[in-house]
Amino acid sequence: MESQKSTAHAIFLRLRRKDDVQTILQADLPLTGRLSQTLAKQSTSTNRLAPAKHMKIEQKKFSNVHTFDFKDRFLNFAYKDKSGSGDVDVAYANLSSKSSIRIENNTWWKNVGYIWCGIGVVNIGMGIAAGESAAGRGFWLLMGLICLGVYHATRVKYTVIGFEGGNLFVIQDGKTHDQVVSELMSRRKAQLLSLYGEVDLESSLDRERAKFEYLKEQGVISQEEADEKIRQATLALGVITEAPQTLN
């Protein structure tokens, strides 16, 4: 199965023309050039998919502020934290279907917490060994536990979704995280379908077959839908087969 996927992907990449906007499927390109022109044409033509609703979601956690501005044809991702701020425009079709996890934390609290906990345990142990009461000897242990609590409370966990040239960081805040990720993947699928979901009559059968196999691998269409699209491409573009010969 993996070899079939790799073969389909390789065929798809090999068949892309350099000036073809469908190179978006072989690399996550920024919203410039041919892709931008293609999306601009869509705004003045009738698409089988209706434009998505404009939406803006802001996430905040400590000094981190991430804003996801879901526009019709692309996402504007703006960020602001202690290190600075910025924003980037990303076409939904450029987003990766896979994600990873990143945890941002302040190791100072952890290191100090462990040290103070260690000092506290030793201090209590020395008191017990000397036959003294442990009361009043737990100060450093308590301070260490507080530091460890601060360390865990101030950690920021992100879901990272890549695109060519950068990443989107979605804060796992327990409130808007799932909504942001779901909206990104939904619009990614819709834009890929709008761009590449139909048979291109100016293309070749091999290219169309590889395209629909790739969309299937990306989770944009199902196996049944891919088979149907390939069948339509075969009928539209035609395949010459040799008629069976009858031996006399």
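Under our numbering, the first residue of the sequence shown carries the number 1473, and numbering increases by one thereafter.
Heads up, the beta-carbon is just placed ideally off N, CA and C, and yes, glycines get one too.
Predicted model, so just to flag it, every value in this text is computed and none were measured.
- The Cβ atoms of Asp1561 and Phe1540 lie no closer than 8 Å to each other.
- Per the DSSP secondary-structure output, Gln1531 pairs in a beta bridge with His1538.
- Three or more Cβ pairs drawn from the region 1630-1643 and the region 1562-1581 lie within less than 8 Å of each other, which places the two stretches in contact.
- As the crow flies, the alpha-carbon of Asp1672 is around 28 Å from that of Phe1542.
- The C-beta separation of Thr1626 from Asn1583 comes to about 14 Å, leaving the pair out of contact by the 8 Å criterion.
- Arg1659 carries a helical assignment under DSSP once its states are collapsed to helix, strand and coil.
- Under the three-pair Cβ rule at 8 Å, the region 1694-1701 does not count as touching the region 1652-1667.
- Taking a 10 Å sphere around the C-beta of Ile1575, we find fewer than 16 other C-beta atoms and assign the residue as exposed.
- Taking 8 Å as the upper bound for CB-CB distance, Leu1640 and Phe1549 are in contact here, some 5 Å apart.
- Glu1696 carries a helical assignment under DSSP once its states are collapsed to helix, strand and coil.
- One alpha carbon belongs to Arg1703, the other to Glu1674, and they sit about 16 Å apart.
- DSSP places Thr1631 inside the beta strand (DSSP E), whose first and last residues are Val1628 to Phe1635.
- If the five residues before and after Thr1706 are omitted, its C-beta is found closer than 7 Å to the C-beta atoms of Leu1677, all from its own chain and listed in chain order.
- Residue nearest to Gly1608 within the set Gly1590, Asn1595, Lys1528 and Ala1601 is Asn1595 (criterion: CA-CA distance).
- Beyond the five residues adjoining it in sequence on each side, Gly1590 comes within less than 8 Å, by CB distance, of Gly1616 in the same chain, given in chain order.
- Looking at Ser1658, Glu1655, Ser1654 and Val1628, the one whose alpha-carbon comes closest to that of Asp1645 is Val1628.
- Between Trp1588 and Trp1612, the C-beta gap is smaller than 8 Å, which places the two residues in contact.
- Non-local C-beta neighbours of Val1537 in its own chain, meaning closer than 6 Å and more than five positions away in sequence, comprise Lys1552, ordered along the chain.
- Sequence-distant partners of Gln1690 (beyond 5 residues in either direction) whose C-beta falls short of 6 Å from its own C-beta, in its chain, are Ser1569.
- One alpha carbon belongs to Ala1563, the other to Arg1679, and they sit about 23 Å apart.
- Residue state for Leu1673 is assigned as coil, using DSSP reduced to three classes.
- Around the beta-carbon of Ala1602, fewer than 16 other beta-carbon atoms lie within 10 Å, marking it exposed.
- Residue pairing of Tyr1564 in beta bridges, as defined by DSSP: absent, with no partner found.
- Around the Cβ of Phe1684, a 10 Å sphere holds 16 or more other Cβ atoms; the residue is buried.
- Here the C-alpha atom of Gly1599 lies approximately 30 Å from the C-alpha atom of His1624.
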